[in-house]
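Read through the structure below, which is laid out as structure tokens, and then see the notes.
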Amino acid sequence: MKINFFSVLFYKIVFVLVTNLSFSQNSENYFKAGNDFYNNGQFEKALDSYFKVLNENYHSAELYYNIGNTYYKLDSIANSIFYFEKAKKISPMDRDILNNLGYAENMKIDLIEKLPKSQIENFQIYLFNLFSTNQWGYILLLLIWVFCILFSIYYLISNSRLKKIFFSITSLFFLLIIVTFIIGTQKSIYDSSLIEAIVFEKQISVNDEPNDRSEVLFNLHEGTKVNIIEKLENWLKIKLENGAEGWIKSKGIKQIH
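To get our numbering, take the position in the sequence shown, counting from 1, and add 1342.
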């Protein structure tokens, strides 16, 4: 079943607006208290305050980033990477998030080399990572709004010289709308097809088949990111960034939403 990009975009925008409006005074107080506890080295108390903000149904890159930093200070590798990855999904080009995610990943045992990508694939990923799906949606709505204003001016003015100028500008914005829509749609499809998760067990076996009697291909350790490509009962087929595949038990990982 195909999901209309505009429908997904509409519900995401409504969700973001509702969650931002629901950022109550309590949430602000909890967030500030978490920052104060963190700055004073009271990391357990900082976590408690940040999770109280989450319980208020508020989600943001900054909140996940702070939780990731706190877990990093507590030497909780898997949790730290997990929350940095959640922050990255909301703000994919944020330099602080990417840097601290890199520091956390340096604490992992597993060093997995990525498969080389073509220049086209790298450019596509670069475009996707410029903004989150929500942000591409906001840009699209802004462009449509500006286009409507420009088109209205073009339609109302009678001066032929100005009409030509506004026709050119309006045409440019129409082209930008099409390009943004295509990128936003492809980004939405890409995000939907990419199901990522973090290993939370100290060590987990990767089998060649979804049963305990099958051969163990290799082991993974906490903090490693995997892509989920198939599910069978309590087993998940995963793929690593180096192309290796296998089956693991679902209880050992946590999906990044």
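Glycine included, every Cβ here is placed at the ideal spot set by N, Cα and C.
query, result
"Beta-bridge pairing of residue 1487 - partner residues as DSSP gives them", "According to DSSP, residue 1487 bridges with nothing at all."
"7 Å Cβ shell around residue 1559 - same chain, five flanking residues per side excluded", "1548, 1549, 1550 and 1588"
"8 Å CB neighbourhood of residue 1385 in its chain, flanking five on each side removed", "1379, 1412, 1415 and 1416"
"Candidates 1570, 1372 and 1518: closest to residue 1479 by CA position", "1518"
"Beta-bridge pairing of residue 1581 - partner residues as DSSP gives them", "1569 and 1587"
"Identified DSSP bridge partners for residue 1561", "1547"
"Per-residue DSSP class, three states only, for residue 1453", "coil"
"Beta-carbon spacing of residue 1536, residue 1584 below 8 Å", "no"
"CA-to-CA distance, residue 1438 to residue 1364, given in whole angstroms", "For residue 1364, the predicted structure reports a pLDDT of 49, less than 50, and the residue's modelled location is therefore unreliable. The matter cannot be settled from this model."
"Residue nearest to residue 1442 in terms of C-alpha spacing, selected from 1407, 1557, 1505 and 1554", "1407"
"Residue 1432, DSSP secondary structure in three states", "helix"
"Helix, strand or coil at residue 1404 [DSSP, three-state]", "helix"
"Touch test, the region 1445-1463 against the region 1488-1500, Cβ-Cβ under 8 Å, three pairs minimum", "no"
"Whole-angstrom distance between residue 1372 and residue 1567, CA atom to CA atom", "30 Å"
"Reduced DSSP category for residue 1593 - H, G, I as helix; E, B as strand; rest coil", "helix"
"Run of the beta strand (DSSP E) containing residue 1540, from where it starts to where it stops", "1538-1541"
"For residue 1344, the three-state DSSP class (helix, strand or coil)", "Residue confidence is low: residue 1344 scores 42 on pLDDT, short of 50, so the model does not pin down where it sits. Its coordinate-derived value is still stated next. Correct three-state label for residue 1344: coil."
"Outcome for residue 1530 when other beta-carbon atoms lying within 10 angstroms are tallied against a minimum of 16", "buried"
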